[in-house]
Amino acid sequence: MKITPIIGLEVHVELKTKSKMFCNCSAEHFHVEPNTHTCPVCLGLPGALPVPNITACEWCVKLGLALGCTPNETSFFERKNYFYPDLAKGYQLTQYEKPFVINGKVKVGDQEVRINRAHMEEDTGKSVHISEYGQDLTLIDYNRCGVPLVEIVSEPDITSATMAKDYLLKMQQIIRYLGISDADIEKGSMRCEPTVNLKIEDNGEVFYTPLAEIKNVASLTGVQNAIEFEIKRQTEEFEKTREVKNSKNKTTRGWNAEKAQTFLQREKEGSADYRYFPEPDIPHMEFTPAQIEEIRISIPELPDQKIEKYKSVYSLNDYDSSVIATDQNFADIYETVVTPQNRNDKIKEFAKFVANLFLGAIKTHLNETGEELNQSKINPEYFLNLFDSVQKSEISSSAAKQVIVESYQTGTNPVEIAKDKGLIQVSDTGALEKMAQEVITANPKAVEDYKKNPMSIGFLIGQLMRLSKGSANPQMAKEILEKILNGN
Amino acid sequence: MSASNKITPEELDHIAKLARIDLTDDEKKTYLPQLESVLEYLDILNKADTTNIKPTFRVNEQKNVFHQDEVKESFSQKDALSTATKTKDGYFEVVATIKK
Ligand SMILES: [Zn+2]
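Sequence lines, in order, name chains A and B.
Quick note: the first sequence, position 265, residue 583 per our numbering, numbers continuous.
Quick note: the second sequence, position 22, residue 27 per our numbering, numbers continuous.
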């Protein structure tokens, strides 16, 4: 029996606009006094007129373009009707027939996930469930009701829980690069609903298990665990019942993080039951090709492009390139230090040198302090000075790591710090020859040993390093000692 | 849409459920023929030949009406809650939506 999971993801992203989707109430709702950002529109009072937020619409198109989607020429909102207390109007304004953008794709590792669509809609209010005198109550805060949401619907091209996680991380990266949302899964500004079923090949026959949509997944590990649980559950279920997918047996399952299992929620309302119809109060929207072009131009260089550039222009490896590109701030600061013009002939060495410092000593320091990389503490000139000193063997690579963090903290030139700490290596041949001579005279036994076994030169190098108080360049020390000893 | 303008009692129950209304048997007897007559009327509309006619979504030809992304004043919490049947600690209070 061969089992292939078929997974599609619906991702909801809350945009960080100042105002709500269809009114001018503040879109802020995290740790805000309940029901202080509402008006007739977002409370769904009779006669209120919703007017779309231009910035939110443009950001939806921007995200779509970044995902390689095509904008629809004309786009409009529709009413999705259902009753729930957190939905003030009794319907959600969303896009159904004509979303802003369609048909894109995202690279996940060396695979591709097709994007069906990205559309604009509004968030619901927040429910708080309490118990009072033995009675269960639900309290509603409409501050979040009407906050702009973009929903990104993937095709079912994801084949494992890990790939789903990588897809979400990639989506999060792109959204953060665009600066349109915090895309924080824990805080709820990015939410994910996987739909899972299995392709089962058994004795030359192919079966597809019933679809299950999973709700209430509130963390990245939750997504992975829920998908893994569902794959296992569906496999066992199929072995028991041999039930296959049809147009009526799609179910909605909740995710219980404590029990680490999914459970059957409610029967899924079919599309027909939502009675979608075009919102009559909001005129159609059309972006001209020039406006689309303007939005396209405003898209910054995205992680994939950065990784490609690091690999092709700077010859960085896959790993270094993708770690640097993970965070836009980090990547942009790296690029203020490493530019294609720097040290023309040695640009690749320089890029690798800076990458090692950024991903090693500096990143370790940031992890310890919990800070973000700060552009004002990075002086590109200092990195060039340090690189040149290492190239001239005045400073060892390990000393460079040592001084760069202090330089980051204090703003002092790392080469100065190295001087103060006595970390400058003596590479002056004359001075080294003098010291080598001294060491040879003082250690006749070791010289004898060397004549028998050239491998024993380590002892003499050690003596020379000691004499120089650690400042001698070890490689040169070895060469000079060998030259004198062999020349004798 | 089916060509038939008959509504089964099950369909009526389903529509009532979607609209969150409870109907007594008497009410069902009243509404069933009323809804059917609405469908009959739609049948008349369906007979019109709409080949090559673009769908109309609204009565005027306006497009691209947006608001700028600025924050304007909202209701006070007191005003927001003033039409609620029940409130608690600044929230609208409703019957529990989840079973514990
Ligand atoms: Zn409002």
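Backbone N, C-alpha and C fix where the C-beta goes; we use that ideal spot for every residue, glycine too.
In this text, all values refer to a predicted model and were calculated from it rather than measured experimentally.
Under 7 Å from any heavy atom of ligand 1, does the C-beta of residue i make it?
| i | result |
| --- | --- |
| A/Lys488 | no |
| A/Val359 | yes |
| B/Ser79 | yes |
| A/Gly443 | no |
| A/Gly362 | no |
| A/Thr373 | no |
| A/Thr356 | yes |
| A/Lys336 | no |
| A/Cys341 | yes |
| A/Gly729 | no |
| A/Gly464 | yes |
Out of the options, which one is the CA nearest neighbour of residue i?
| i | options | result |
| --- | --- | --- |
| A/Pro814 | B/Val70, B/Leu44, B/Lys77, B/Asp54 | A query on residue 814 of chain A cannot be resolved here, the shown segment of chain A reaching from 319 to 806 and no further. |
| A/Thr392 | A/Lys423, A/Ala544, A/Pro607 | A/Pro607 |
| A/Asn564 | A/Thr527, A/Lys624, A/Ser786 | A/Thr527 |
| B/Val64 | A/Leu538, A/Arg432, A/Pro596, A/Phe401 | A/Pro596 |
| A/Gly780 | A/Leu799, A/Asn647, A/Lys770 | A/Leu799 |
| B/Lys83 | A/Glu351, A/Ser639, A/Ser640, A/Phe668 | A/Glu351 |
| A/Pro358 | B/Ile103, B/Ser87, B/Ala101 | B/Ser87 |
| A/Lys796 | A/Ser616, A/Ile532, A/Ser789, A/Leu782 | A/Leu782 |
| A/Gly464 | A/Thr569, A/Pro368, A/Gly776 | A/Pro368 |
| A/Glu712 | A/Val744, A/Asp638, A/Phe668 | A/Val744 |
| A/Lys737 | A/Gln720, A/Ala673, A/Leu381, A/Lys666 | A/Gln720 |
| B/Lys33 | B/Leu17, B/Leu23, B/Lys52, B/Arg25 | B/Leu17 |
| A/Ile696 | A/Asn371, A/Val757, A/Asn390, A/Thr654 | A/Thr654 |
| A/Cys375 | A/Thr412, A/Lys488, A/Ile324 | A/Thr412 |
| A/Asn660 | A/Val631, A/Ile642, A/Phe525 | A/Val631 |
| A/Arg593 | A/Glu396, A/Ser716, A/Gly805 | A/Glu396 |
| A/Asn399 | B/Thr13, B/Ile12, B/Ala24, B/Ser42 | B/Ala24 |
| A/Phe701 | A/Asn674, A/Asn804, A/Val765, A/His683 | A/Asn674 |
Could you name the residues of the same chain whose beta carbon sits closer than 8 Å to that of residue i, not counting the 5 residues immediately before and after it, in chain order?
| i | result |
| --- | --- |
| A/Gln755 | Ile802 |
| A/Met319 | Ile518, Glu519, Asp520 |
| B/Ala8 | Note on B/Ala8: pLDDT 47, under 50, position unreliable in the model; no value is reported. |
| A/Leu385 | Val419, Gly422, Lys423, Val424, Ile433, Ala436, Ile470, Ile492 |
| A/Ser616 | Lys380 |
| A/Phe401 | Gly408 |
| A/Thr569 | Pro528, Leu529, Ala530, Glu531, Leu582, Gln583, Glu585, Lys586 |
So residue i is in the beta strand (DSSP E); what residue range does that whole segment cover?
| i | result |
| --- | --- |
| A/Pro323 | 320–332 |
| A/Val369 | Looking at the DSSP string, A/Val369 is not in any beta strand (DSSP E), and its letter there is neither H nor E. |
| B/Tyr96 | 96–100 |
| A/Val424 | 419–426 |
| A/Lys398 | 396–399 |
What residue does the alpha helix (DSSP H) around residue i start on, and which one ends it?
| i | result |
| --- | --- |
| A/Tyr409 | Careful: A/Tyr409 lies outside any alpha helix (DSSP H), inside the beta strand (DSSP E) at 409–412. |
| A/Gly805 | 792–805 |
| A/Thr687 | 681–687 |
| A/Ala669 | 665–675 |
| A/Gly776 | 775–785 |
| A/Tyr637 | 636–644 |
For residue i, which residues in the same chain have their Cβ closer than 7 Å to its Cβ, ignoring the five residues on either side in sequence?
| i | result |
| --- | --- |
| A/Val541 | Ala482, Lys483, Leu486, Cys510, Pro512, Val535 |
| B/Met6 | In this prediction, B/Met6 has a pLDDT of 43, which is less than 50 and means its spatial position is unreliable; what the coordinates show is noted afterwards. Contacts found: none. |
| A/Ile545 | Ile325, Ala479, Ala482, Pro512, Val514 |
| A/Phe581 | Arg571, Gly572, Asn574 |
| A/Ser715 | Val708 |
For residue i, which residues from the same chain have a beta carbon less than 6 Å from its beta carbon, with the 5 sequence-adjacent residues on both sides left out?
| i | result |
| --- | --- |
| A/Phe676 | Tyr652 |
| A/Asn461 | His347, Val350, His355 |
| A/Val446 | Leu457 |
| B/Leu28 | Ala21 |
| B/Lys52 | none |
| A/Ile625 | Ser639, Ser640, Ala643 |
How about residue i: is its Cβ closer than 7 Å to a heavy atom in ligand 2?
| i | result |
| --- | --- |
| A/Glu415 | Ligand 2 is not part of the structure shown, which contains ligand 1 as its ligands. |
Output yes if chain E places a C-beta closer than 8 Å to the C-beta of residue i; else output no.
| i | result |
| --- | --- |
| B/Gln82 | Among the chains of the structure shown, chain E does not appear; the protein chains present are A and B. |
3 or more residues per run - each beta strand (DSSP E) lying fully within the region 502–558 of chain A: Within the region 502–558 of chain A, the complete beta strand (DSSP E) segments at least 3 residues long are 508–520, 523–526, 530–533, listed from N- to C-terminus.
Whole runs of the beta strand (DSSP E) within the region 431–510 of chain A, excluding any shorter than 3 residues: Runs found: 444–450, 453–459, 466–472.
Which full runs of the alpha helix (DSSP H) of 4+ residues lie inside the region 562–621 of chain A, going along the chain? Correct list: 607–615.
Unbroken alpha helix (DSSP H) runs of length 4 or more, entirely within the region 710–761 of chain A: which are they? Whole alpha helix (DSSP H) segments, 4+ residues: 715–728, 732–738, 747–760.
Which residue spans inside the region 11–87 of chain B form an unbroken alpha helix (DSSP H) run of at least 4? Runs found: 14–23, 30–51, 82–86.
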